[in-house]
Amino acid sequence: MKFFIDSANMQEIRAAAAFGIVDGVTTNPSLVSKEGNQEGFEDLIKEICDVVGGPVSAEVLSTEYSLMVSEGKKLAEINENVVVKLPMTEDGIKATRILSDDGINVNVTLIFSPSQALVAAKAGAAYVSPFVGRLDDVSSSGMDLVLDICEIYGHYAYETKILVASVRHPMHIAEAARMGADVATFPYKVFTQLFKHPLTDIGLERFIKDWGKT
Ligand code: G3P
-18 MKFFIDSANM
-8 QEIRAAAAFG
2 IVDGVTTNPS
12 LVSKEGNQEG
22 FEDLIKEICD
32 VVGGPVSAEV
42 LSTEYSLMVS
52 EGKKLAEINE
62 NVVVKLPMTE
72 DGIKATRILS
82 DDGINVNVTL
92 IFSPSQALVA
102 AKAGAAYVSP
112 FVGRLDDVSS
122 SGMDLVLDIC
132 EIYGHYAYET
142 KILVASVRHP
152 MHIAEAARMG
162 ADVATFPYKV
172 FTQLFKHPLT
182 DIGLERFIKD
192 WGKT
């Protein structure tokens, strides 16, 4: 399973990349805005691409498909690893088809149902992003959606990868891996939580203490 960091914070991205187990990055307008970096968006994406030698999702802000296409093409020119992120709307799907046919990788985001994931795959999306945490937030099972998409894609030869997004804790990632999802993207905080288990800390403390007894 591939690990992507869901962040627009260069400090977090560099820190995560230093572990050598990060395969890519996803950003969205909220994350970029949180860093106060709307003006320098293209430079930010370029910098992320320089740090992480893998797919970097950059989201368009246009909502009309021809504008999405031109904005997406401009983003794709930044670096060959840029994946153009488009929302799961009618215009988004038209733009996905056009950009995908043009050889540009597209990540269709804001996926909340199996039928949306099916439509995105048919449009040639390189990735679909089911938002598991936001479904959990409204008392629906985010991981059930991932399972449904894995099952549906398993019946056909779509090349679309399942990118589990809106991840809130390590169990989302473990479950996604168990289901065979291709990628999970998660915040830096969740990345660090992946390493932790209290018994590891207790065990290490005991080893060091016991060694000191002899
Ligand atoms: O990048 C999209 C997604 O991961 C956002 O997550 O936590 O805002 O629902 P969240």
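Going by our numbering, the first residue of the sequence shown is number -18, and it counts up by one from there.
Glycine included, each C-beta is placed from N, C-alpha and C at the ideal position.
Setting aside the 5 residues that flank it on each side, Pro36 is surrounded in the same chain by Gly5, Asn62 and Val64, each with a C-beta closer than 6 Å to its C-beta; the list follows chain order. Annotation: the continuous alpha helix (DSSP H) that includes Glu(-7) extends over Met(-9) to Ala(-2). Approximately 18 Å separates the beta-carbon atoms of Ser51 and Asn88; this is outside 8 Å, ruling out the contact. DSSP, read as helix, strand or coil, puts Lys15 in helix.
Counting only runs of 4+ residues, the alpha helix (DSSP H) found wholly inside the stretch 6 to 91 occupies 10 to 15, 22 to 32, 46 to 57 and 71 to 82, in chain order. Relative to the ligand G3P, Ser147 has its C-beta within less than 7 Å of a heavy atom. Ranked by Cα distance from Val127, the options Leu99, Gly73 and Asp24 are led by Leu99.
Checking the 7 Å criterion, the Cβ of Arg78 is out of range of every heavy atom belonging to the ligand G3P.
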